[in-house]
Amino acid sequence: GKRAFIAGIADDNGYGWAIAKSLAAAGAEILVGTWVPALNIFETSLRRGKFDQSRVLPDGSLMEIKKVYPLDAVFDTPDDVPEDVKANKRYAGSSNWTVQEAAECVRQDFGSIDILVHSLANGPEARTLSETVLQELYSVLPDGRSSDIFSHFLPIMNPGGASISLTYIASERIIPGYGGGMSSAKAALESDTRVLAFEAGRKQNIRVNTISAGPLGSRAAKAIGF
Ligand code: NAD
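Heads up, the sequence shown is in my numbering, so the first residue is 917 and it goes up one at a time.
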């Protein structure tokens, strides 16, 4: 069977969850990367059965998440993490959550993956944390960092594998309200996708695609008023 790592699941409402379910239904083993401040509530909800109804697959079985990894895609390596974030209690309780470390943990645990899904949204989470020190962190947009995520995960991807991310039409047309760096982050994501598809395709026989998704009432979409 194939093994998939899906970065960007913290509840059962978003694209990441839906993609995980499709992959699970097709027989893939599911690993998840969850934003560090959301990790506790996600794991607790999972354990307490809060998502059980949404875990039902077409054959009636429940999607199994083999392992949940803490992840903050804003940070490449431990050296990139400022002291105030390290000390923040929502981060201090977890470890190995930079992109490089998360990829290394997956490698240690499972050796390799076949499928990488990048389903990270920008800033909106920060709005819910606006009274904390975390806010300024999100001037850096995880969307625009897809190439760093790929570069750390590609080495653990099996030849013939595939990676996808989610983009949005606002990269090429004006969508009122989709500003503040979000539209340009999507334009960067699409541009990175083309370059990565060329490079990863040649070097490792890995497909890299991005899907321009329609509107979905996810947490991220609601947070920006969509
Ligand atoms: P979502 O809120 O379900 O998913 C976004 C996830 O990114 C959340 O789990 C959040 O915790 C995580 N995240 C944010 N910052 C992070 C960071 N620094 N490190 C790690 N994780 C982080 O929302 P969604 O709408 O399903 O978003 C998934 C993707 O789909 C995004 O790229 C989004 O832009 C794209 N998309 C969404 C829509 C829509 O209408 N919902 C339309 C087109 C594209």
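Cβ coordinates follow ideal geometry from the N, Cα and C atoms, glycine included.
1) Which partner residues does residue 985 have in the DSSP bridge list?
2) Does the distance from the C-beta atom of residue 922 to that of residue 936 stay below 8 Å?
3) Who does residue 921 pair with in a DSSP beta bridge?
4) Can you tell me whether residue 950 is buried or exposed, with buried defined as 16 or more other CB within 10 angstroms of its CB?
5) If we ignore side chains and look at the alpha-carbon of each, how far apart do residue 1130 and residue 973 end up?
6) Using the C-alpha atoms, what's the distance from residue 1113 back to residue 1067?
7) Taking 7 Å as the cut-off, is the CB of residue 962 close to at least one heavy atom of the ligand NAD?
8) What is the rounded straight-line gap between the Cα of residue 1033 and the Cα of residue 1125?
9) Is it the case that the CB of residue 990 approaches a heavy atom of the ligand NAD more closely than 7 Å?
10) Identify, in the order they occur along the chain, each residue of the same chain with its Cβ nearer than 7 Å to the Cβ of residue 1018, setting aside the five sequence neighbours on each side.
11) In the DSSP assignment, the alpha helix (DSSP H) including residue 1097 goes from what residue to what residue?
12) Per DSSP, what are the beta-bridge partners of residue 1083 in this structure?
13) Any heavy atom of the ligand NAD closer than 7 Å to the beta-carbon of residue 929?
14) What is the DSSP secondary structure of residue 1133, counted as helix, strand or coil?
15) May I ask you to report which of helix, strand or coil DSSP gives residue 971?
16) Say yes only if the C-beta of residue 1023 is nearer than 7 Å to one or more non-hydrogen atoms of the ligand NAD, and no if none qualify.
So, to answer that:
1) 949
2) yes
3) Answer is 947 and 1032, bridged to residue 921.
4) buried
5) Distance between the alpha carbons of residue 1130 and residue 973 is about 23 Å.
6) 12 Å
7) no
8) 10 Å
9) yes
10) 949, 985, 987 and 1012
11) Unbroken run through residue 1097: none, as it is neither H nor E.
12) Residue pairing by DSSP places residue 1083 opposite 1128 in a beta bridge.
13) yes
14) coil
15) helix
16) no
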